[in-house]
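In the working numbering, the protein residues as written are 4 to 348.
Only one structure is covered here, and it is reproduced in the block below.
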Amino acid sequence: MSNIAALQATIAKLATKGKGILAADESTGTITKRFQALNIESTEDSRRAYRELLVTTPGINEFVAGVILYEETLNQKTSQGIPFANALEKAGILPGIKVDKGLINLANTNEEQVTQGLDGLPERLAEYKAKGARFAKWRAVYNISANTPSQLLIDTNAEVLARYAAICQAAGIVPIVEPEVLIDGDHTIERCEEVTEPVFQAVFEALYRHKVKLEYIVLKPSMVINGKACSKKADPAAVAKATIRVLRRTVPGAVPTVNFLSGGQSSEQATANLDEMNKLAPLPWNLSFSYARALQDYCVKTWKGDANNVKAAQQAFYKRAKLNSLAAVGKYNKSMEEEVISLAS
Ligand code: 13P
Numbered sequence: 004m005s006n007i008a009a010l011q012a013t014i015a016k017l018a019t020k021g022k023g024i025l026a027a028d029e030s031t032g033t034i035t036k037r038f039q040a041l042n043i044e045s046t047e048d049s050r051r052a053y054r055e056l057l058v059t060t061p062g063i064n065e066f067v068a069g070v071i072l073y074e075e076t077l078n079q080k081t082s083q084g085i086p087f088a089n090a091l092e093k094a095g096i097l098p099g100i101k102v103d104k105g106l107i108n109l110a111n112t113n114e115e116q117v118t119q120g121l122d123g124l125p126e127r128l129a130e131y132k133a134k135g136a137r138f139a140k141w142r143a144v145y146n147i148s149a150n151t152p153s154q155l156l157i158d159t160n161a162e163v164l165a166r167y168a169a170i171c172q173a174a175g176i177v178p179i180v181e182p183e184v185l186i187d188g189d190h191t192i193e194r195c196e197e198v199t200e201p202v203f204q205a206v207f208e209a210l211y212r213h214k215v216k217l218e219y220i221v222l223k224p225s226m227v228i229n230g231k232a233c234s235k236k237a238d239p240a241a242v243a244k245a246t247i248r249v250l251r252r253t254v255p256g257a258v259p260t261v262n263f264l265s266g267g268q269s270s271e272q273a274t275a276n277l278d279e280m281n282k283l284a285p286l287p288w289n290l291s292f293s294y295a296r297a298l299q300d301y302c303v304k305t306w307k308g309d310a311n312n313v314k315a316a317q318q319a320f321y322k323r324a325k326l327n328s329l330a331a332v333g334k335y336n337k338s339m340e341e342e343v344i345s346l347a348s
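Right, here's the structure in full:
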């Protein structure tokens, strides 16, 4: 298959209306922290067992088009002895891979951080592709304070995201481009909007400069929302209005799908906000989810590291995936949170 044909086939699946992406690509450090908070031991095998629980949830392919894996998981097998990438393909779900190598300080800024991992990326992508990965993810972060993000950080992150995206497309891998304006802090939703618009603008200018084909990317943005510590909480209507305004101003209609990160919102909040945005249809792009925490929180808390809880944990994951799938077409309703939503048998 030519690279363009591969990109086309992958994006067609990822942009399926009513489906989203599960981010299960937490680095070992991050998942260890999440496990430890619940007294779950973090070992290679406990992480494997947990990820197996997620990807083998019966019927999950109705709501999830792709799963982002961490490199460790791409190299692991399910308890049936099947490599994770093959197990996903068999379930009709595309396997993807986080390819950035985390954050380092950007010199001459006030401790702002840039994402590393471009060195050797073409070689790594070839290896991941051979193991079955069809798309990739790279996350850039922006911290809001009185004087950040700086222009230097905005420009540097944009340049690096665009170089990563161009390298992925040259390898026939669809890039998820993830600019995350962090929710930490006490900023208002207005301040978040003021920051987010130039951030997205810079990202798309860089993608254009680097000749990235917008038809074959997934944009994974943060929503425009008040900071966690802000006393004035924006309701879903306000989040939807501000987020869609910024996306309309900055994201060309050639981009097929926008899949949000949850960024520390509660599970219910992330679903309600996505739903409210889709109720503003028609929109130029598919608008869906690529959540980690907002899909997994109840699931991992139910599992607790105990094999006896696998079924109940899958049930919790299935419910969140289904509600977010409904939100991705604007058909979610808050009262559904009270409903018993059973696993497909
Ligand atoms: P959250 O949904 O937990 O923000 O994670 C999404 C993600 O992939 C962050 O890179």
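Here a beta-carbon is modelled for each residue, glycine too, at the ideal position from N, C-alpha and C.
Endpoints, the alpha helix (DSSP H) within which residue i is located
{"i": "W306", "result": "R296 to W306"}
{"i": "E92", "result": "F87 to K93"}
{"i": "L210", "result": "I192 to R212"}
{"i": "T33", "result": "T31 to Q39"}
Any non-hydrogen atom of the ligand 13P closer than 8 Å to residue i Cβ
{"i": "E181", "result": "yes"}
{"i": "D187", "result": "no"}
{"i": "L41", "result": "no"}
{"i": "S265", "result": "yes"}
{"i": "S293", "result": "yes"}
{"i": "R212", "result": "no"}
{"i": "K223", "result": "yes"}
{"i": "A275", "result": "no"}
{"i": "I71", "result": "yes"}
{"i": "R142", "result": "yes"}
{"i": "R323", "result": "no"}
{"i": "E331", "result": "The amino acid at residue 331 is misidentified as Glu; the sequence shows Ala. No, since every heavy atom of the ligand 13P falls outside the 8 Å radius drawn around the Cβ of A331."}
{"i": "R54", "result": "no"}
{"i": "D122", "result": "no"}
Integer-rounded CB distance, given that residue j should sit under 8 Å from residue i
{"i": "Y145", "j": "L77", "result": "Going by Cβ atoms, the distance from Y145 to L77 rounds to 28 Å, so no, they are not a contact pair."}
{"i": "G256", "j": "S49", "result": "Incorrect: roughly 44 Å between the Cβ atoms, too far for contact."}
{"i": "Y335", "j": "T274", "result": "6 Å"}
Run of the beta strand (DSSP E) containing residue i, from where it starts to where it stops
{"i": "N281", "result": "Per DSSP, N281 belongs to no beta strand (DSSP E); it is in the alpha helix (DSSP H), S270 to N281."}
{"i": "R252", "result": "Where R252 is concerned, there is no enclosing beta strand (DSSP E), although the alpha helix (DSSP H) it sits in stretches over P239 to T253."}
{"i": "N262", "result": "T260 to F263"}
Residues that residue i bridges to, as DSSP identifies them
{"i": "N179", "result": "The amino acid at residue 179 is misidentified as Asn; the sequence shows Ile. For I179, which the question treats as bridged, DSSP gives the partners K140 and V221."}
{"i": "T151", "result": "S148"}
{"i": "V67", "result": "G23"}
{"i": "L56", "result": "Beta-bridge pairing links L56 to no other residue."}
{"i": "P98", "result": "V70"}
{"i": "S291", "result": "N262"}
{"i": "N108", "result": "Q116"}
{"i": "K80", "result": "P86"}
{"i": "V343", "result": "In the DSSP output, where bridge partners are listed per residue, V343 has none listed."}
{"i": "V215", "result": "V215 is not bridged to any residue."}
{"i": "V184", "result": "Y145"}
Residue from the options whose Cα sits closest to the Cα of residue i
{"i": "V227", "options": "V221, Y211, P239 and A284", "result": "P239"}
{"i": "A173", "options": "S345, E342, N6 and I344", "result": "N6"}
{"i": "L298", "options": "I71, Y211, S270 and T246", "result": "S270"}
{"i": "R137", "options": "N327, A68, E279 and T81", "result": "A68"}
{"i": "N184", "options": "M339, P178, C195 and V177", "result": "Per the sequence shown, residue 184 should be read as Val rather than Asn. Considering only alpha carbons, the answer is C195."}
{"i": "P201", "options": "N160, T31, I176 and R212", "result": "N160"}
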